[in-house]
Amino acid sequence: MEKEELLQRISKSVPLMAELAKAEDVISDYPKAKSKAYKWIMLSLWPAFLGVLFFVGFLTVTEDKLKFFLITLMLFVPTALAIVAFTKKKQKHDDAVKKVKDIENDPALSWIPISYRNSYAFSYISDSIISGRVDTLKEALNDFESYQKNLLLAASLNRPHS
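Just so we're aligned: 334 in my numbering is position 81 of the sequence shown, and the numbers increase by one with no gaps anywhere.
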């Protein structure tokens, strides 16, 4: 593939890769968001437990049932809100995973091997081609692989030895 054609393909791929980067961010943020939502659900179970006790009181007390019902309802609200928030985060994550798969399989990206169809690799590869450091896709892929190996080596050297 000639450099000019490669530059055109990169240019056409930029909008897809921007969408992919957003979806990858949602996916990478999900464990933290999930953990936070889970903590809120766990914290809100205490009011829900009290809500169950109040509901039992509501069923057994004959007077002032409205007050018992409202208190019970208020105690269940935090749990309900936490579960709704968690469900929304899960749905957002699932949508992002689907979007990533769709973008990775988009025919507009057929010029780049599937294992490099992520925003990180694309950014490095496209920058090296656009800046003129390399002239072909093969050179860009080899340069990226060397860069990755150097990062792994540096990380292993910086790791404390036991």
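We treat Cβ as the ideally placed atom computed from N, Cα and C, and that holds for glycine.
Going by C-alpha distance, which of Met295, Lys351, Ser409 is nearest valine 279?
Lys351
Starting from the C-beta of glutamate 255, find all residues in its chain whose C-beta is less than 6 Å away, skip the five residues before and the five after it, and write them out in chain order.
none
Short of 6 Å in beta carbon distance, which residues of its chain neighbour aspartate 396, apart from the five on each side in sequence? Order them along the chain.
Cβ neighbours of aspartate 396 beyond the five flanking positions: Ser381, Val387.
Just reading off the alpha helix (DSSP H) that isoleucine 378 is part of, what are its end residues?
372-383
Reduced DSSP secondary structure (H/G/I, E/B, other) of methionine 254:
coil
Short of 6 Å in beta carbon distance, which residues of its chain neighbour arginine 370, apart from the five on each side in sequence? Order them along the chain.
Glu357, Leu362
Could you check the C-alpha separation between tyrosine 373 and isoleucine 336 for me, to the nearest Å?
33 Å
Less than 6 Å between C-beta atoms, sequence neighbours within five positions excluded: which residues of the same chain meet that for serine 379?
Ile263
Would the beta-carbon of alanine 338 fall within 8 Å of that of alanine 290?
yes
Taking the straight line between their C-alpha atoms, what separation do you get for leucine 406 and lysine 345?
35 Å
Contact check, lysine 342 vs lysine 287, beta carbons under 8 Å
yes
Assign valine 353 to buried or exposed, taking buried as 16 or more other Cβ atoms, counted over all protein chains shown, within 10 Å of its Cβ.
A residue is called buried once 16 or more other Cβ atoms fall within 10 Å of its Cβ, and valine 353 is buried on that count.
Would the beta-carbon of leucine 273 fall within 8 Å of that of isoleucine 383?
no
If you compare alpha carbons, which of Pro366, Ser399, Ala349, Tyr400 is closest to serine 281?
Closest option to serine 281, Cα to Cα, is Ala349.
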